[in-house]
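In my numbering, the protein residues as written are 526 to 785.
Where is the CB? At the ideal position from N, CA and C, for every residue including glycine.
In this text, all values refer to a predicted model and were calculated from it rather than measured experimentally.
All remarks here apply to the structure that follows.
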Ligand SMILES: N[C@@H](CCC(=O)N[C@@H](CS)C(=O)NCC(=O)O)C(=O)O
């Protein structure tokens, strides 16, 4: 692998256990003749190098994070745990050889942990939780599946060309049951504090809002106030704003499924 090299100029160094949000700094990343990227990074302990994490690149704007909800989930976890990282933006439409060597399935996200490249956001976030338990983002197992069918039902509705095939109702059913869950247990999946389940669900709901708004002129009904507030709270978190995709990338990313 001809790894990209990063020149980091952090504005401040803060310990990984700091409870303060560290300031961001510009990172200039030179990679051998492939591309040039300027990436945000959070400063951490000078003794701890930033994590290298491969994420999807934007397809609408050069050198920008793209529209992968699984990549955002990992970035959110790093942000919430105050861990610094360097993003390597991967053009999934033209995967470089170095990327295929570290991710044979050709999927992002991939992160380097203890000198090993690890794929899959489930595995990555679990590994980060084990290695960096503070602050804890653990969701109790009995709560972890709340809202977990929303993403697949959203995709079903998005792809549907028949308004009477029940796919919209299937999504509404899932959202209604999540609304009830939040009413009794919220405002987040694990009550008052953000946990891993929210960091997984948040990016998916963001995709749902943008894609269904654009392709179907659809939005979460006002009657589902707990879900709407949940989305508003998560989408306005600093970590979410910093790691979210551009709406135009989300729209472009789902187009093949809609046309399909
Ligand atoms: N289960 C995986 C899913 C990862 C995934 O599907 N990533 C997509 C981008 S969002 C990808 O890399 N697709 C490969 C491609 O488009 O060629 C995870 O949770 O990390």
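Three-state secondary structure (DSSP) of residue i
i           : result
residue 569 : In this prediction, residue 569 has a pLDDT of 49, which is less than 50 and means its spatial position is unreliable; nothing more can be read from the coordinates.
residue 643 : strand
residue 581 : strand
residue 745 : coil
residue 714 : coil
residue 616 : coil
residue 636 : strand
residue 787 : Past the edges of the chain, shown from 526 to 785, lies residue 787, and the structure says nothing about it.
residue 737 : helix
residue 529 : Note that residue 529 has pLDDT 33, beneath the 50 cutoff, so the model's placement of it is unreliable and no number is given.
Anticipated Cβ contact below 8 Å, residue i with residue j, distance rounded
i           : j           : result
residue 775 : residue 740 : With 8 Å as the limit, residue 775 and residue 740 do not qualify as a contact, their Cβ atoms being about 11 Å apart.
residue 604 : residue 764 : 4 Å
residue 672 : residue 703 : 4 Å
residue 617 : residue 581 : 6 Å
residue 653 : residue 606 : 6 Å
residue 627 : residue 576 : Contact doesn't hold; Cβ gap of about 13 Å is too wide.
residue 700 : residue 745 : 6 Å
residue 599 : residue 629 : That pair is no contact at about 18 Å.
residue 722 : residue 668 : 7 Å
residue 631 : residue 620 : 5 Å
residue 470 : residue 771 : Any property of residue 470 remains undetermined from this structure, which presents the chain solely from 526 to 785.
residue 759 : residue 727 : 4 Å
residue 685 : residue 678 : Rounded, the Cβ-Cβ distance is 11 Å, inconsistent with contact.
residue 613 : residue 578 : 7 Å
residue 663 : residue 720 : 6 Å
residue 681 : residue 695 : 6 Å
residue 715 : residue 665 : 6 Å
Cutoff 8 Å: residue i Cβ touching any chain C Cβ
i           : result
residue 704 : The displayed structure is made up of one protein chain only, and chain C is not part of it.
Review point. Okay, do the stretch 727–740 and the stretch 581–595 touch, 3+ Cβ pairs below 8 Å being the bar?
Key: As far as the Cβ criterion goes, the stretch 727–740 touches the stretch 581–595, which means the pair count is three or higher.
Exercise for review: Anything with a beta carbon under 6 Å from a heavy atom of ligand 1 counts; list them all in chain order.
Suggested key: For ligand 1, the selected residues are 581, 593, 595, 617, 631, 632, 633, 634, 645, 646, 647.
Review point. Using 8 Å as the Cβ pair cut-off and three pairs as the minimum, do the stretch 595–606 and the stretch 630–647 touch?
Key: Contact between the stretch 595–606 and the stretch 630–647 is present, because at least three Cβ pairs lie under 8 Å.
Practice item. Jot down the residue ranges of each uninterrupted beta strand (DSSP E) in the stretch 640–698, minimum 3 residues, whole runs only, in chain order. Key: If you keep only unbroken beta strand (DSSP E) runs of at least 3 residues inside the stretch 640–698, you get 641–644.
Review point. If you pair each beta-carbon of the stretch 704–718 with each one of the stretch 748–757, do three or more pairs fall below 8 Å?
Key: With the cut-off at 8 Å, the stretch 704–718 and the stretch 748–757 touch.
Practice item. Please specify which runs of the alpha helix (DSSP H), each continuous and at least 4 residues long, are wholly inside the stretch 583–607, giving them in chain order. Key: The alpha helix (DSSP H) runs of length 4 or more contained entirely in the stretch 583–607 are, from start to end of the chain, 594–605.
**Study point:** Segments assigned beta strand (DSSP E), at least 3 residues, entirely inside the stretch 747–782
**Key:** Those beta strand (DSSP E) runs which fall completely within the stretch 747–782 and span 3+ residues do not exist here.
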